[in-house]
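Just so we're aligned: the sequence shown equals residues 100 to 454 in the numbering used here.
Where a beta carbon is used, it is the ideal one built from N, C-alpha and C, also for glycine.
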Amino acid sequence: MAGRRTSLASLAGAKVDDVPGKSDPLLLTLPLSKLVPTRFNPRRNFGSEDKLKEFGLVLKQRQLQPAVVVSRSGYLKLWPDEAERVGDAPYVIANGERRYRASLAVGLTTLNVVHNEDVAASRADFLDAVLSENNDREDLDPIERALGIETMVIELNGADQVAAHYGKTKGWVSQQRKLLKLIPELQTLVSSGELPVRVARDIAGLPPAEQEAAWQAELARRAESKAAPRPKRVVQPRGESRTTVQGDEQRFTAVNQPAPPEPEVSDSAETKKLFTAVNSAPADTPPKLAPELSLVAPSTDSTTAAVPHQTWANAAGSLPWDEPLWFDQQLRKHMSKENRDKLVWLLQGADETEA
100 MAGRRTSLAS LAGAKVDDVP GKSDPLLLTL PLSKLVPTRF NPRRNFGSED
150 KLKEFGLVLK QRQLQPAVVV SRSGYLKLWP DEAERVGDAP YVIANGERRY
200 RASLAVGLTT LNVVHNEDVA ASRADFLDAV LSENNDREDL DPIERALGIE
250 TMVIELNGAD QVAAHYGKTK GWVSQQRKLL KLIPELQTLV SSGELPVRVA
300 RDIAGLPPAE QEAAWQAELA RRAESKAAPR PKRVVQPRGE SRTTVQGDEQ
350 RFTAVNQPAP PEPEVSDSAE TKKLFTAVNS APADTPPKLA PELSLVAPST
400 DSTTAAVPHQ TWANAAGSLP WDEPLWFDQQ LRKHMSKENR DKLVWLLQGA
450 DETEA
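Written out as C-alpha cells, the structure reads:
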C-alpha cells in the first residue's frame, strides 16, 4: 500500500500560499531596487528635495511606518498593460511612495514593507487602499483627493461603481470630482489652501473662461468686507444691570441719540406717572427700604403732599446714593418694566446733557 505524502506545513496547521503574503501580511526588509511605485497614487506633492532628505535622515534612524506592497504578478492580474512600466521589479508599492523617495534621496538601500496580497484582490480594493491610506493620514490636498476619485471612476468604468464601493450616492462622487473642472491656476490655489474648497466648487461650475474673473471678484468682495468699519460695541460695566430699551438686541441704543427735552415739573398726572421711580404708592406713603435705611417720614403738609418728588427730597440724606446696586434692586422690585425703561431714557438724556 502506497504511503500518503503529507507536507510539514499542513501538519503545523499553517496555510500554504502560492504567493507569499496572500493569506497573512508579511513584514519584510527589501532592497529599493526590487520596488516600484504604482502610477495610480494621486499624490503629486511629495515635498521639496530638502524636505525629502530631512525625512530620509529620520528613516535612517528608525522607520516606524512600513510601506505596503503587492507582488508584481498580483498587480499585473489587475492591470496587464502595466507590465512595461513595472519592469522587472518583483513588488509594487501601493502606499509609501514618499518613504521610498526619501530613502533614495539620502542613499538608503532598503525599506521596511508589509507585503499584503489582499490589497490586490480587485482594482477597487487596490485603489481604495491607495486613496484611503493617504486620506487617513491627511497626506492629500483637495485636488489630489479629487484625482484619486477620478482615477477610481476611470479604472472601475463609471461613477456608479465608485459610489457602490463607498456606499455613497453618484452625486457624492460628482461633488468630489468637481474641483477638477477648475483651470490649472485655480487648482494650484486650492492645493495651497488660498482658495477655499467651498468657493472653488462654486467657481468650478462656471465656464473656464469666466473662472479667473469670478475669483478676482471674490477677492475684491473680501477686501471690501475687511475694509468696512465694524460697529462699535457698547461695553456694559461690570456689576451693573443690563436694561433693555427696545428689545434684547437694542441695549442702550439711546446713548447715541440726541438728549430728550427735560420734563417740566408740574402737578399733572403725566408728571406723576414719569416720577413713580420706586413704586406706585401714594405720595404720602414712604417707600419701603431696608430697616437701616428708613426714610424720614414725609410731611403731612398739603403743599408737600401735592408734589411727590419733594418727599424724596426730604429723605435725600437717608438714601444710599453711592450704592447703585441697592437702587437697582429696589427699582426691579417696585417699578414696572415700562417705567424702568422711561427712567433709563431720562437718565441717559441727562448724561448727554452733562457731557
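Which same chain residues, not among the five before or five after Gly186, have their C-beta less than 6 Å away from its C-beta? Counting from 1 along the sequence shown, the entry for residue 186 is found at position 87. Contacts found: none.
Select from Gln315, Ile282, Val213, Leu279 the residue whose C-alpha is nearest the C-alpha of Ser170. Here residue 170 refers to the residue found at position 71 when the sequence shown is read from its first residue. It is Val213 whose Cα lies nearest to the Cα of Ser170.
Does the distance from the C-beta atom of Thr151 to that of Ala193 stay below 8 Å? By 1-based counting over the sequence shown, the position of residue 151 is 52. By 1-based counting over the sequence shown, the position of residue 193 is 94. For clarity, residue 151 is Leu in the given sequence; the question names Thr instead. Not in contact: Leu151 and Ala193 (Cβ atoms no closer than 8 Å).
I'd like the span of the alpha helix (DSSP H) that includes Thr287, first residue to last. Residue 287 sits at position 188 when you count from the first residue of the sequence shown. That run of the alpha helix (DSSP H) goes 283–291.
DSSP state of Leu158 mapped onto helix, strand, coil: Against the sequence shown, residue 158 aligns to sequence position 59. If DSSP states are grouped into helix, strand and coil, Leu158 belongs with the helices.
Does the structure place the region 290–301 close enough to the region 252–264 that three or more beta carbon pairs sit under 8 Å? no
On the three-pair Cβ rule with 8 Å, is the region 277–294 touching the region 302–310? yes
Would DSSP call Ser170 helix, strand or coil? Residue 170 sits at position 71 when you count from the first residue of the sequence shown. Here Ser170 sits in strand by DSSP.
Residues that DSSP places opposite Asn211 in a beta bridge: Translated into positions along the sequence shown, residue 211 becomes position 112. Answer is Thr128.
Please report the Cβ distance between Leu288 and Tyr199, rounded to the nearest whole angstrom; I am assuming they are in contact, meaning their Cβ atoms lie under 8 Å. Residue mapping note: residue 288 aligns to position 189 of the sequence shown, counting from 1. Residue mapping note: residue 199 aligns to position 100 of the sequence shown, counting from 1. In fact, because the Cβ distance is near 29 Å, the residues do not count as touching under 8 Å.
If you count every other CB in all the chains shown that lies within 10 Å of the CB of Arg184, and 16 or more means buried, which is it? By 1-based counting over the sequence shown, the position of residue 184 is 85. When all chains shown are included, Arg184 counts as exposed.
Taking C-beta to C-beta, are Ala204 and Gly155 nearer than 8 Å? Locating residue 204 in the sequence shown gives position 105, where the first residue counts as 1. Locating residue 155 in the sequence shown gives position 56, where the first residue counts as 1. Yes. Within cutoff.
Any idea what DSSP makes of Leu163, helix, strand or coil? Against the sequence shown, residue 163 aligns to sequence position 64. Note: Leu163 maps to coil in three-state DSSP.
Less than 7 Å between C-beta atoms, sequence neighbours within five positions excluded: which residues of the same chain meet that for Leu210? Walking along the sequence shown from the start, residue 210 turns up at place 111. Correct list, in chain order: Leu129, Leu131, Leu134, Ala166, Arg198, Tyr199, Ser202.
Quickly, what does DSSP pair Leu134 with across the bridge? List them, please. Stepping through the sequence shown from its first residue, residue 134 is reached at position 35. DSSP, once it has assigned bridges, lists Tyr190 as partnering Leu134.
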